[in-house]
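Quick notes on the structure that follows.
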Amino acid sequence: MPLSKRPTLTQYLIEQRRRFPQASGELNALILDVSIACKAIARAVAFGELGETMGVSAEGGDVNVQGEVQKKLDVVSNAMFVHTTEWSGHLAGMASEEMADPYQIPESYPRGKYLLVFDPLDGSSNIDVNVSVGSIFSILRAPQDVIDSGRDVVEADFLQPGSIQVAAGYALYGPTTMLVLTVGNGVAGFTLDLNLGEFKLTHADIRVPEDAHEFAINSSNSRFWEPPVTRYVDECLAGRTGVRGKDFNMRWIASMVAEAHRILMRGGVFLYPRDSKDPDKAGRLRLLYEANPIGFLMEQAGGRASTGRQPVLGVPPSSLHQRIGLVFGSRREVERIESYHHDTARREAPNPLFVERGLFRD
Ligand code: AHG
Ligand code: MN
Ligand code: MN
317 MPLSKRPTLT
327 QYLIEQRRRF
337 PQASGELNAL
347 ILDVSIACKA
357 IARAVAFGEL
367 GETMGVSAEG
377 GDVNVQGEVQ
387 KKLDVVSNAM
397 FVHTTEWSGH
407 LAGMASEEMA
417 DPYQIPESYP
427 RGKYLLVFDP
437 LDGSSNIDVN
447 VSVGSIFSIL
457 RAPQDVIDSG
467 RDVVEADFLQ
477 PGSIQVAAGY
487 ALYGPTTMLV
497 LTVGNGVAGF
507 TLDLNLGEFK
517 LTHADIRVPE
527 DAHEFAINSS
537 NSRFWEPPVT
547 RYVDECLAGR
557 TGVRGKDFNM
567 RWIASMVAEA
577 HRILMRGGVF
587 LYPRDSKDPD
597 KAGRLRLLYE
607 ANPIGFLMEQ
617 AGGRASTGRQ
627 PVLGVPPSSL
637 HQRIGLVFGS
647 RREVERIESY
657 HHDTARREAP
667 NPLFVERGLF
677 RD
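Numbering (the numbering used here), first residue to last: 317 to 678.
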């Protein structure tokens, strides 16, 4: 398609909105503001060592609420998200990987009906080595009493299951900058046109292939894995000579956004499962601003996202920065991994004949 005929992100959003004649356009405006934050972050990333945003942050004692060292670019990207969206009157509040508590919209600005939840820079360990990073966001509707009263937001307002997200997406700062988005009607991918500074629709109706022959997992954690994960990976490694009867390829970028993008483009499966590495953490990735938005995109693209035990979008969150085991990608592979978890659970479940009230209790 000639470049000039490609719809912009604005045009795409307006056309999506026509499905809802009563919609006010606030969601569209919010998504466009988020896209401006992503463009600004893309510029900061592209300057690399020539900019002033490399290295670790001097702010906040260098460690975020996750106990992770903050890069300067983590902090700068967080500020870009906040400052491009807080003023508009569309938000009731925000939450971010880089902020311990919910962010209150300053009194100088009106408050609106949405909550914005984000990971401003995903894969930030890759920033110093010039490997792709990204931003992830999720838009939720604020609880009705927040909208009616305009009160400050609290953690509980954000603890909504991923199944009721209004929109979600990511920006990928790779060889090209892309924005991949769902407003609940499939997934569309936009590429940043550097001449115009606009996102142009380049990937309409992205679908994840159902089958895969590529998997992504950090295998340095293998001694901590649970048996169903070991089983799945062993079977992939056995390739053509094993039960799968075909060879698999493996990738690990350590930027979930980049892995999610590869999977949306050509299929595959990603696992950062629950493991026994740190008993206090149910997984590595965060439910509200990593697992849920990526899960929404996968489901909207015909793929699947799971904890291994249940669909990730069905999990009721218990805290803002909750971690969770995450498996996503090609539908049949994810279902296979879930079935291995269910097999293990069944095997480990006490035989009903022997439980406390059972027939053969000893
Ligand atoms: P973040 O940079 O936002 O903390 O997220 C990094 C995440 C994710 O993008 C990636 O898949 C994973 O952490 C990498 O973990 P390992 O370092 O264990 O490979
Ligand atoms: Mn992240
Ligand atoms: Mn991050």
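Using N, Cα and C, we set each Cβ at its ideal position, and we do this for glycine too.
- By the Cβ criterion, the region 650-669 is in contact with the region 542-556, since at least three pairs of Cβ atoms, one from each stretch, lie closer than 8 Å.
- Here the alpha carbon of V573 sits roughly 16 Å from the alpha carbon of A483.
- By the criterion of at least three beta-carbon pairs nearer than 8 Å, the region 625-638 is not in contact with the region 398-407.
- Relative to the Cα of I452, the nearest Cα in the group I610, R663, G428 belongs to I610.
- Beta-bridge partners assigned by DSSP to H519: G505.
- Along the region 552-595, the beta strand (DSSP E) occurs as fully enclosed runs of 3 or more residues at 585-588, listed in sequence order.
- In the three-state reduction of the DSSP assignment, F453 falls in the strand class, which pools E and B.
- Distance from S448 to Y489 at the Cβ level is roughly 6 Å; contact confirmed, criterion being Cβ atoms closer than 8 Å.
- Counting along the chain, the unbroken beta strand (DSSP E) around L488 starts and ends at 483-489.
- Taking 9 Å as the cut-off, the Cβ atoms of K388 and T369 count as close.
- Closest in C-alpha terms to V524, from the list W568, V585, R467, N501, comes V585.
- Its chain contains N380, Q386, D390, V391, N394, P436 as the residues whose beta carbon lies nearer than 7 Å to that of E414, once the 5 sequence neighbours on both sides are disregarded; these appear in chain order.
- With a cut-off of 8 Å, the C-beta of L437 is classified as near ligand 3, since at least one heavy atom of the ligand falls inside that distance.
- A distance criterion of 8 Å places the beta-carbon of M572 in contact range of ligand 1, judged by its closest non-hydrogen atom.
- A check of alpha carbon separations from N534 across Q481, Q638, G599 identifies G599 as the nearest.
- Linking L587 to F531 through their CA atoms gives a straight-line distance of about 8 Å.
- Per DSSP, S622 is one residue of the beta strand (DSSP E) stretching across 620-622.
- The way I'd put it, the region 546-564 doesn't touch the region 605-619; fewer than three beta-carbon pairs between them come closer than 8 Å.
- In the DSSP assignment, E615 falls within the unbroken alpha helix (DSSP H) covering 608-616.
- Within the same chain, and ignoring the five residues on either side of R590 in sequence, the residues whose Cβ sits closer than 8 Å to its Cβ are E542, A598, G599, T623, G624, I640, G641.
- Set against 8 Å, the gap from the CB of D390 to the closest heavy atom of ligand 3 is smaller.
- Put simply, of V650, L604, Q638, P666 the residue whose alpha carbon is nearest the alpha carbon of L431 is L604.
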